[in-house]
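Here's the structure we're looking at; comments come further down.
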Ligand code: DLZ
């Protein structure tokens with residue numbers, strides 16, 4: 034069996050991050066974790082662009098545009114907190130579908146780094162406290178997928 038898998042080589046890679054400003058006390062921590070992980074794996078800070086959008090609903094639109102800007106991978110970061118919005122279920126399922134479609138249609142890694150939480154406490158847990166940092170894990174997924182796609 035020939036196995037194809039990716040490793041985490043950031044050297045020479047260009048990464049675009051799309052991050053929502055809504056719930057920015059969470060998304061800023063996701064961004065910090067994401068950037069830190071990319072830097073620790075060899076991505077140059079100058080090769081990371083961060084595009085800020087108003088809320089998670091707008092992430093798909095910006096991420097779609099970013100697929101045409103020469104990045105090796107795109108990372109989407111946002112925080113949907115159920116208590117904050119009656120539209121939670123609608124936005125979260127639509128966003129997941131949109132991000133998947135953008136990746137499939139563009140053929141490039143477009144990573145889903147969205148925290149979906151029932152409560153603020155759960156969101157904080159996923160933004161660098163006891164449940165890790167969703168931004169850091171999104172950065173790792175992005176580097177791994179860049180390498181997988183290069184090998185396919
Ligand atoms: C309006 C709104 C609400 C109520 N809740 C959230 C949320 O929990 N997380 C998030 O990222 N964005 C939220 N937004 C903003 C919408 O995503 C969007 O920016 C606005 O509806 C404008 O289109």
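Residue numbers (my numbering): 34 to 185.
We put the CB at the ideal spot given by N, CA and C, even for glycine.
Practice item. Could you tell me which uninterrupted alpha helix (DSSP H) segments, each at least 4 residues in length, are contained entirely in the stretch 34-77, listed from first to last along the chain? Key: 57-73
Check your understanding: Taking the beta strand (DSSP E) that residue 105 falls in, what are its first and last residues?
Key -> Note, residue 105: premise wrong, no beta strand (DSSP E); not H, not E.
Review point. Would the beta-carbon of residue 68 fall within 9 angstroms of that of residue 83?
Key: yes
Review point. According to the neighbour-count rule (16 or more other Cβ atoms, all chains shown, within 10 Å of its Cβ), is residue 38 buried or exposed?
Key: exposed
Practice item. Confirm the yes/no value for this check: CB of residue 91, any heavy atom of the ligand DLZ, distance under 8 angstroms. Key: yes
Exercise for review: Could you check which residue in 165, 124, 175 and 114 has the C-alpha nearest to that of residue 152?
Suggested key: 114
Point to revise | Cβ-based neighbour list, residue 88, same chain, cut-off 6 angstroms, excluding 5 preceding and 5 following | key: 53 and 55
Exercise for review: Measure the Cβ-Cβ separation of residue 164 and residue 71 and say whether it is below 9 angstroms.
Suggested key: no
Check your understanding: What does a CB cutoff of less than 7 angstroms around residue 135 pick up in its chain, not counting 5 residues either side in sequence?
Key -> 93, 96, 97, 100 and 143
**Study point:** Pairwise C-alpha distance: residue 34 and residue 85
**Key:** 43 angstroms
Point to revise | Cut-off 7 angstroms between Cβ atoms - residues of its own chain near residue 174, not counting five sequence neighbours on either side | key: 144
Check your understanding: In whole angstroms, what is the alpha-carbon distance linking residue 147 and residue 77?
Key -> 24 angstroms
Exercise for review: Could you have a look at residue 162 and say whether DSSP puts it in helix, strand or coil?
Suggested key: strand
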